[in-house]
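To get the numbering used here, take the position in the sequence shown, counting from 1, and add 1354.
Built from N, CA and C at the ideal position, the CB exists for glycine as well.
Reading through the structure tokens given below for one structure.
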Amino acid sequence: MGGGEHAHGGDFRAKVWSMSGGPYCRPKHWKRNTAFAMFGVFLICIPIAMKSAELEV
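Here it is as structure tokens:
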């Protein structure tokens, strides 16, 4: 009752499909895209933090 042998051969992760690219994902221009994302985060967070500090009692 165990379904038989499970050593199908090799690493199953290479055959797994996912939208994020799987375990070996290295998207094109990932450094540039990360820099854009961080710039966007700072562009949003800095004004919010400044307004929050201004409104403190």
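Between the CA atoms of C1379 and F1390 - distance to the nearest angstrom: In the sequence shown, the residue the question calls residue 1390 occupies position 36. In the sequence shown, the residue the question calls residue 1379 occupies position 25. Near 19 Å, if we compare the C-alpha coordinates of C1379 and F1390.
Other residues of its chain near E1410: CB distance less than 8 Å, five sequence neighbours each side excluded: On the sequence shown, residue 1410 is found 56 positions in, with the first residue counted as 1. Same-chain partners within the cutoff: there are none.
Segment limits, alpha helix (DSSP H) that includes V1411: For this step, residue 1411 is matched to residue 57 along the sequence shown. Unbroken run through V1411: none, as it is neither H nor E.
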